[in-house]
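Colleague: Here you go, one structure.
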Amino acid sequence: MLTVRQTPSRNVFSLDGVWDFRVDRNNCGVDDGWYDAPLKDSRPMPVPASYNDVVTDTDVREHVGVVWYQRYVQVPRNLGDDRLILRFGSATHAATVWVDGSEVMSHEGGYLPFEADITDLVEAGGSFLLTTAVDNRLSWHTLPPGYIHKDTQGNDVQKYMHDFYNYAGIHRSVLLYTRPAVSVTDVTVVTDIDGCDGIVSYTVEAEGAKAVSVRLLDADGNEVARAEGAKGELRVDDAHLWAPGDGYLYTLEIHADEDVYPQTVGIRTVEVKNSQFLINGKPFYFRGYGRHEDNIVRGKGHDNVMLVHDFELMKWQGANSFRTSHYPYAEEVMDYADREGFVVIDETAAVGLNIGLSGGLFGAPEGVPTKTFSDESLDARTQQVHEAHIRELIARDKNHPCVVMWSIANEPESNTEESYDYFKPLAEAAREADPTRPVGYVNVMLAPPSMEKCVGLFDVVMLNRYYGWYVDTGNLVDAEANLRAEIDGWIKLAPGKPIIFTEYGPDTLAGLRDFHRRPWSEEFQEDMFAMFHRVFDDVDEVVGEQMWNFADFQTVSGIIRVGGNKKGMFTRDRLPKSAAYDVRKRWLAMRDELGF
Ligand code: BDP
Numbered sequence: 000m001l002t003v004r005q006t007p008s009r010n011v012f013s014l015d016g017v018w019d020f021r022v023d024r025n026n027c028g029v030d031d032g033w034y035d036a037p038l039k040d041s042r043p044m045p046v047p048a049s050y051n052d053v054v055t056d057t058d059v060r061e062h063v064g065v066v067w068y069q070r071y072v073q074v075p076r077n078l079g080d081d082r083l084i085l086r087f088g089s090a091t092h093a094a095t096v097w098v099d100g101s102e103v104m105s106h107e108g109g110y111l112p113f114e115a116d117i118t119d120l121v122e123a124g125g126s127f128l129l130t131t132a133v134d135n136r137l138s139w140h141t142l143p144p145g146y147i148h149k150d151t152q153g154n155d156v157q158k159y160m161h162d163f164y165n166y167a168g169i170h171r172s173v174l175l176y177t178r179p180a181v182s183v184t185d186v187t188v189v190t191d192i193d194g195c196d197g198i199v200s201y202t203v204e205a206e207g208a209k210a211v212s213v214r215l216l217d218a219d220g221n222e223v224a225r226a227e228g229a230k231g232e233l234r235v236d237d238a239h240l241w242a243p244g245d246g247y248l249y250t251l252e253i254h255a256d257e258d259v260y261p262q263t264v265g266i267r268t269v270e271v272k273n274s275q276f277l278i279n280g281k282p283f284y285f286r287g288y289g290r291h292e293d294n295i296v297r298g299k300g301h302d303n304v305m306l307v308h309d310f311e312l313m314k315w316q317g318a319n320s321f322r323t324s325h326y327p328y329a330e331e332v333m334d335y336a337d338r339e340g341f342v343v344i345d346e347t348a349a350v351g352l353n354i355g356l357s358g359g360l361f362g363a364p365e366g367v368p369t370k371t372f373s374d375e376s377l378d379a380r381t382q383q384v385h386e387a388h389i390r391e392l393i394a395r396d397k398n399h400p401c402v403v404m405w406s407i408a409n410e411p412e413s414n415t416e417e418s419y420d421y422f423k424p425l426a427e428a429a430r431e432a433d434p435t436r437p438v439g440y441v442n443v444m445l446a447p448p449s450m451e452k453c454v455g456l457f458d459v460v461m462l463n464r465y466y467g468w469y470v471d472t473g474n475l476v477d478a479e480a481n482l483r484a485e486i487d488g489w490i491k492l493a494p495g496k497p498i499i500f501t502e503y504g505p506d507t508l509a510g511l512r513d514f515h516r517r518p519w520s521e522e523f524q525e526d527m528f529a530m531f532h533r534v535f536d537d538v539d540e541v542v543g544e545q546m547w548n549f550a551d552f553q554t555v556s557g558i559i560r561v562g563g564n565k566k567g568m569f570t571r572d573r574l575p576k577s578a579a580y581d582v583r584k585r586w587l588a589m590r591d592e593l594g595f
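Just so it is clear: in the sequence shown, position 431 is 430 by numbering that gives the first Met the number 0, and no numbers are missing.
Rendered as structure tokens:
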């Protein structure tokens with residue numbers, strides 16, 4: 000799906016602001032036609048934002064089910080023959096949208112955009128009532144999955160197997176935009192390098208267009224190549240490549256009859272070879288973090304201030320990459336990573352596909368199936384949802400040079416035949432949807448090399464390891480020995496595949512200092528990182544260190560979570576813990592030595 004851009008042929012109007020909002024406590028909104036008239040008893044709610052922490056009412060924060068958003072929208076005058084499209088950047092986790100009482104679309108999955116052509120329902124120069132019902136419930140057929148527990152008073156309590164709070168609402172911008180009746184609806188760009196030249200292959204979809212042509216412009220707006228037709232190949236002499244730390248972008252200006260659409264292009268290649276991860280043919284070492292879209296008050300609501308600030312912090316620390324743990328991030332984040340030259344492992348929302356892990360770590364689920372993959376839990380339908388989600392993510396992010404790999408799941412069960420059967424078609428679907436990028440998944444510590452069944456389906460080994468924290472707690476001597484032994488096991492099991500550590504690190508309470516350097520203290524975080532880094536430096540096959548987490552973040556309450564997960568390098572309000580300085584020193588030295 001194309002990102003929305005303002006162009007000479009397209010106008011974009013933001014519908015962000017303060018909308019009317021109402022919780023549907025009895026789940027009667029649809030039956031009672033809430034979409035057909037101004038919401039009664041509504042309260043104000045900002046868009047975009049999670050609603051949970053905006054309010055002071057606990058029952059709203061913890062509501063399980065549907066909430067309603069509404070506002071009036073002014074339709075532009077002079078629409079002419081243009082089409083008018085209504086687009087949500089995301090709504091978590093499912094949404095249905097009405098325009099003046101007519102249902103125009105519904106979408107499942109909380110982290111990807113959806114849109115509908117509403118031209119025929121509205122009048123140029125008039126206004127319409129826009130209503131959205133957003134459902135935050137998780138089931139065995141959603142990603143991430145979850146289940147509803149009835150408490151002893153019969154109330155619904157949402158349970159889930161992943162370790163971040165189930166923030167909900169309209170998390171990303173809502174836009175209204177126009178485009179000509181015949182217009183560009185999709186483009187796929189694939190780049191290659193030939194000596195000093197760049198090759199840009201493109202395929203444009205523009206149904207009904209009589210003439211399609213493209214111009215490739217450099218960053219100063221100079222034309223460097225052009226072609227006629229919806230499909231073709233451009234050669235850029237002496238190309239300025241997109242590279243880590245050098246987010247150089249060309250623009251493919253696409254003309255389809257009256258329509259003009261600018262697609263940014265970074266010329267670069269990605270390849271996995273001989274235990275190395277190559278970008279533009281050169282070995283790349285990932286330095287960075289797993290992150291979350293998580294902020295005080297706004298929850299998972301996208302915010303450009305925090306976007307730029309977080310990148311400033313990552314650059315300050317010498318990071319060059321991150322993983323979109325554990326769901327697709329806002330399009331603004333991906334655009335910004337492109338232009339800042341950050342390298343991104345793009346992850347689906349498939350997190351918590353592991354009943355064994357959640358039972359062990361986050362408390363045994365009550366009355367739920369004990370098997371992860373079964374007819375009672377994650378089943379064939381979940382697999383279909385997962386495949387559709389992978390394809391939707393790739394359709395959205397395929398043209399981002401920052402994306403160097405797809406991660407199709409985080410810490411799923413991967414040590415059983417059932418897990419192999421579940422993931423085999425999904426890995427194939429990802430490769431079919433994008434033959435140009437490596438495909439991986441992130442392995443959990445419950446599936447070490449002696450038990451792992453799925454690694455053969457993937458191009459890299461991505462490991463989340465907590466030696467010194469969840470195991471060998473506080474004992475970094477044993478932790479180091481066990482970490483080294485396990486890495487040896489992976490090298491034997493998956494020869495030739497590079498290893499990226501996608502999570503490691505202890506919970507650390509900012510301000511807790513300790514002469515004895517014990518767990519939870521800032522000193523222990525320094526020591527645990529130092530131990531992991533010492534090990535990584537000894538192993539050629541390790542090509543990346545992305546610690547857990549960039550910043551502290553909100554989770555459900557629990558006996559192992561004190562006001563959220565505290566594994567941040569930064570606090571939730573983005574202040575550095577002491578280890579941040581050690582890591583900065585290391586990463587800046589690596590940056591100087593290896594390039595970005
Ligand atoms: C891993 C998960 C991550 C958790 C982390 C932790 O991938 O989402 O937050 O461990 O326990 O299991 O801190």
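Just so you know, even glycine gets a beta-carbon here, dropped at the ideal spot from N, CA and C.
1) Pick from E525, N442, F595: whose alpha carbon is nearest that of F500?
2) What residue from N294, L475, Y335 has the CA that sits closest to T554's CA?
3) Between D116 and Y176, what straight-line distance do the alpha-carbon atoms span, to the nearest angstrom?
4) Which residues in the same chain have their Cβ closer than 8 Å to the Cβ of S418, if we skip the five residues on either side of it in sequence?
5) Tell me the residue span of the beta strand (DSSP E) that contains R338.
6) Using CA atoms only, rank isn't needed, just tell me which of L215, V22, G228, V223 is closest to A205.
7) With distances taken Cα to Cα, identify the nearest neighbour of K565 among P179, V384, W519.
8) Put Y580 into one of helix, strand or coil per three-state DSSP.
9) Taking the alpha carbon of M0 as the point to measure from, which residue in R571, N303, H399 has its own alpha carbon closest?
10) If you measure between the beta carbons of W67 and A167, is that distance less than 7 Å?
11) Could you check if S172 is buried or exposed, using at least 16 other CB atoms within 10 Å of its CB as the buried criterion?
12) Would DSSP call W468 helix, strand or coil?
13) From which residue to which residue does the beta strand (DSSP E) around D116 run?
14) Give the DSSP-derived three-state secondary structure of Y94 in the structure shown.
15) Check R436 in the structure and name its three-state DSSP category.
16) So does N463 have its beta carbon nearer than 6 Å to some heavy atom of the ligand BDP?
17) Give the straight-line distance between the Cα atoms of R395 and T347, rounded to the nearest whole angstrom.
18) Compute the Euclidean distance between the alpha carbons of G231 and V199, then round it to the nearest angstrom.
19) Rounded to a whole number of angstroms, what is the C-alpha to C-alpha distance between H325 and P144?
20) Sort V11, G100, D40 by Cα distance to D618 and report the nearest one.
21) Can you list the beta strand (DSSP E) stretches of 3 or more residues lying completely in the segment 168-192, in chain order?
22) What is the DSSP secondary structure of H62, counted as helix, strand or coil?
23) Whole angstroms are fine: how far does the CA of Y284 sit from the CA of E544?
24) Please return the same chain residues whose Cβ sits closer than 7 Å to the Cβ of G207, not counting the five positions on each side in sequence.
25) Report buried or exposed for P437, applying the criterion of at least 16 other Cβ atoms within 10 angstroms of its Cβ.
26) Distance, Cα to Cα, V223 vs N26?
27) Buried or exposed for Q5, please, with buried defined as at least 16 other CB atoms from any protein chain shown within 10 angstroms of its CB.
28) Which of the three DSSP states is assigned to D448 in this structure?
29) In chain order, what residues of the same chain lie with their CB nearer than 8 Å to the CB of V271, ignoring the 5 residues before and after it?
30) So is the beta-carbon of N414 under 6 Å away from any non-hydrogen atom of the ligand BDP?
31) Quick one: is the Cβ of K299 within less than 6 Å of any heavy atom of the ligand BDP?
32) Apart from the five residues on each side of it in sequence, which residues of its chain come closer than 6 Å, Cβ to Cβ, to H239?
33) Do the segment 244-259 and the segment 500-513 make contact, defined as three or more Cβ pairs closer than 8 Å?
34) Between the Cα of R338 and those of V307, L352, Y110, spot the shortest distance and give me the residue it belongs to.
35) Tell me whether C401 is buried or exposed, calling it buried when 16 or more other Cβ atoms sit within 10 Å of its Cβ.
36) Between W241 and I344, what straight-line distance do the alpha-carbon atoms span, to the nearest angstrom?
Modeller: Walking through what the data contain:
1) N442
2) N294
3) 10 Å
4) Closer than 8 Å at Cβ, skipping near neighbours: T371, F372, P411, E412, K452, C453.
5) Here R338 belongs to no beta strand (DSSP E); instead the alpha helix (DSSP H) covers 330-339.
6) When each option's Cα is compared against that of A205, the closest is G228.
7) W519
8) helix
9) H399
10) no
11) Answer is buried; the Cβ neighbour count reaches 16.
12) coil
13) 113-116
14) It is Ala, not Tyr, that sits at residue 94 in the sequence shown. If DSSP states are grouped into helix, strand and coil, A94 belongs with the strands.
15) coil
16) Distances between the C-beta of N463 and the heavy atoms of the ligand BDP include at least one below 6 Å.
17) 12 Å
18) 8 Å
19) 12 Å
20) Residue 618 lies beyond the stretch modelled for the chain, which goes from 0 to 595, so this question has no answer here.
21) Scanning the segment 168-192 from its first residue to its last, the whole beta strand (DSSP E) runs of 3-plus residues come out as 173-178.
22) coil
23) 8 Å
24) V181
25) buried
26) 57 Å
27) With fewer than 16 Cβ atoms within 10 Å of its Cβ, Q5 is classed as exposed.
28) According to the sequence displayed, residue 448 carries Pro and not Asp. Residue state, collapsed to three classes: coil.
29) Around V271: L277, P437, D458, V459, K496, P497.
30) no
31) Not so, every heavy atom of the ligand BDP lies at least 6 Å from the Cβ.
32) Closer than 6 Å at the Cβ level, and outside the excluded window around H239, lie Y247.
33) No, the segment 244-259 does not touch the segment 500-513.
34) Closest option to R338, Cα to Cα, is V307.
35) buried
36) 16 Å
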